[in-house]
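This report refers to the structure that appears directly beneath it.
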C-alpha cells in the first residue's frame, strides 16, 4: 500500500503537485483495487453515504470500479434527523440519478430507548449513530461497510487499517487489526463480525477536492460560500435551524460561510469563506493549517480521545 508519505515523495521526485494527474491516478487506482477486493471476497457490502464530499468521492470510485455495470451495492445513510436540508436533497438526487437502493438507519427511532443515551433537543446526536448503524448492519446482514473516512481527519482514524475488523458488537480494537503489507488485504471475518473499509484512507482533504475537480463530481451547495444566519458558540459558527437557536446573550449574524464537512447540524460549524467554486476552495485549503474536524466538529474538537471512544463503541 502506498502511504501518504510515499505518495508525497513520489510527487516531489516527479516534480508534480498533489493535484497532478499521475498522483490522482495512483490514489484512484489503489482505492478501486480495495473496492474490487471487497466485492470479490464479501457477500453483502454496503456504501455508507451521508451526502458529504467524501462519500460522493467513494460513490464515484465504486462506479468506476464496476463500469459499465451498475453499482452493485446498496447505500446506507445513518440519519440523525438533524441534517442540513441541502445534504438530504443531494442524497436523494444521487440515489435517483444512479438508480441506487437506499436504506436509511434512523437515529430518531432509538431516541428515548435504552440503546441510545444522551438524546434530547439540545445535544448532538452524532454519538447515537453507532447503535443505529449496528442495528442496520445486523438487520440487513451487511458484512462490509465502505465509507469515506480519511486518516488525516483525526488521530484515532490515523490508527485505522484500510480494511478494519469489527467484532460481533461492532467494536473496534486496535490490537486486532491486521498488517497490510504489499497491498495484501484480508477480508475474512468470523461469524457475526464485519469489516469497515476505507478506500480513500490515505487521501487528504485537498486530494479529495482535486479529485472532485478532475471528475466534476457534484456536491451539495453547502460546501460553497453562501450567506447564512449563524451564532458564535464554543468557538464555532453554528447555522440557525430548527435545532440551533440563539441562547441568551448570543446575537445572530448574517455571514458569508461554507461548510468543510457535514453532519449533525447542532455540532457542525461553518467557516467564513468567499470560495464559491472548486478552484477557490482548493486555494483556500492550501493556506489552511486546521483540519476540517478540528475546525468545525464540536463533538470532536475538545478531546483527542473523543473519536477513539466513539469508534470503540461502533462508530464508523
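Residue numbers (the numbering used here): 1 to 316.
In this text, a Cβ means the ideal position worked out from N, Cα and C, and glycines have one as well.
No experiment lies behind these values; they were computed from the predicted model shown.
Alpha carbon to alpha carbon, how far is residue i from residue j?
{"i": "residue 155", "j": "residue 289", "result": "15 Å"}
{"i": "residue 60", "j": "residue 21", "result": "17 Å"}
{"i": "residue 227", "j": "residue 132", "result": "33 Å"}
{"i": "residue 116", "j": "residue 177", "result": "Only weak support is given to the placement of residue 116: the predicted model assigns it a pLDDT of 43, under 50, and the value that follows is read from those uncertain coordinates. Their Cα atoms are separated by approximately 27 Å."}
{"i": "residue 322", "j": "residue 46", "result": "Here the chain has residues from 1 to 316 only, and residue 322 is not among them."}
{"i": "residue 57", "j": "residue 92", "result": "16 Å"}
{"i": "residue 264", "j": "residue 237", "result": "14 Å"}
{"i": "residue 36", "j": "residue 241", "result": "40 Å"}
{"i": "residue 282", "j": "residue 276", "result": "11 Å"}
{"i": "residue 120", "j": "residue 245", "result": "Residue placement at residue 120 is poorly supported in this model, since its pLDDT is 42, which falls under 50; the coordinates are not used for a value here."}
{"i": "residue 129", "j": "residue 168", "result": "17 Å"}
{"i": "residue 201", "j": "residue 134", "result": "21 Å"}
{"i": "residue 64", "j": "residue 94", "result": "15 Å"}
{"i": "residue 159", "j": "residue 274", "result": "34 Å"}
{"i": "residue 185", "j": "residue 252", "result": "50 Å"}
{"i": "residue 164", "j": "residue 248", "result": "45 Å"}
{"i": "residue 88", "j": "residue 68", "result": "27 Å"}
{"i": "residue 192", "j": "residue 104", "result": "21 Å"}
{"i": "residue 218", "j": "residue 268", "result": "21 Å"}
{"i": "residue 211", "j": "residue 224", "result": "16 Å"}
{"i": "residue 235", "j": "residue 250", "result": "13 Å"}
{"i": "residue 24", "j": "residue 31", "result": "11 Å"}
{"i": "residue 179", "j": "residue 189", "result": "15 Å"}
{"i": "residue 205", "j": "residue 79", "result": "23 Å"}
{"i": "residue 172", "j": "residue 149", "result": "14 Å"}
{"i": "residue 175", "j": "residue 151", "result": "17 Å"}
Measure the Cβ-Cβ separation of residue i and residue j and say whether it is below 8 Å.
{"i": "residue 270", "j": "residue 239", "result": "yes"}
{"i": "residue 208", "j": "residue 53", "result": "yes"}
{"i": "residue 71", "j": "residue 100", "result": "yes"}
{"i": "residue 243", "j": "residue 82", "result": "yes"}
{"i": "residue 142", "j": "residue 194", "result": "yes"}
{"i": "residue 222", "j": "residue 108", "result": "no"}
{"i": "residue 51", "j": "residue 220", "result": "yes"}
{"i": "residue 145", "j": "residue 41", "result": "no"}
{"i": "residue 34", "j": "residue 197", "result": "yes"}
{"i": "residue 272", "j": "residue 256", "result": "yes"}
{"i": "residue 279", "j": "residue 233", "result": "no"}
{"i": "residue 27", "j": "residue 147", "result": "no"}
{"i": "residue 291", "j": "residue 183", "result": "no"}
{"i": "residue 262", "j": "residue 73", "result": "no"}
{"i": "residue 229", "j": "residue 254", "result": "yes"}
{"i": "residue 329", "j": "residue 62", "result": "The requested residue 329 does not occur in the structure, where the chain is confined to residues 1 to 316."}
Secondary structure at residue i, three-state DSSP: helix, strand or coil?
{"i": "residue 121", "result": "Note that residue 121 has pLDDT 45, beneath the 50 cutoff, so the model's placement of it is unreliable and the number below is only indicative. Looking at residue 121 - three-state DSSP - the assignment turns out to be coil, as it is neither helix nor strand."}
{"i": "residue 104", "result": "strand"}
{"i": "residue 26", "result": "helix"}
{"i": "residue 99", "result": "coil"}
{"i": "residue 172", "result": "strand"}
{"i": "residue 36", "result": "helix"}
{"i": "residue 140", "result": "helix"}
{"i": "residue 185", "result": "coil"}
{"i": "residue 214", "result": "helix"}
{"i": "residue 41", "result": "helix"}
{"i": "residue 89", "result": "helix"}
{"i": "residue 244", "result": "coil"}
{"i": "residue 154", "result": "coil"}
{"i": "residue 191", "result": "coil"}
{"i": "residue 61", "result": "helix"}
{"i": "residue 290", "result": "coil"}
{"i": "residue 56", "result": "helix"}
{"i": "residue 132", "result": "helix"}
{"i": "residue 31", "result": "helix"}
{"i": "residue 219", "result": "coil"}
{"i": "residue 333", "result": "Residue 333 is absent from the model: the chain starts at 1 and stops at 316."}
{"i": "residue 344", "result": "Residue 344 falls outside the range modelled here, since the chain spans only 1 to 316, and no answer is possible."}
Tell me residue i's beta-bridge partners as DSSP assigns them.
{"i": "residue 253", "result": "230"}
{"i": "residue 163", "result": "197"}
{"i": "residue 145", "result": "46, 196"}
{"i": "residue 74", "result": "46"}
{"i": "residue 237", "result": "232, 270"}
{"i": "residue 79", "result": "106"}
{"i": "residue 325", "result": "As shown, the chain starts at 1 and ends at 316. That puts residue 325 outside it, with no answer to give."}
Consider the C-beta atom of residue i and the heavy atoms of the ligand FMN; say whether any pair is separated by less than 7 Å.
{"i": "residue 77", "result": "Within the structure as shown, the ligand FMN is missing, as the structure has no ligands at all."}
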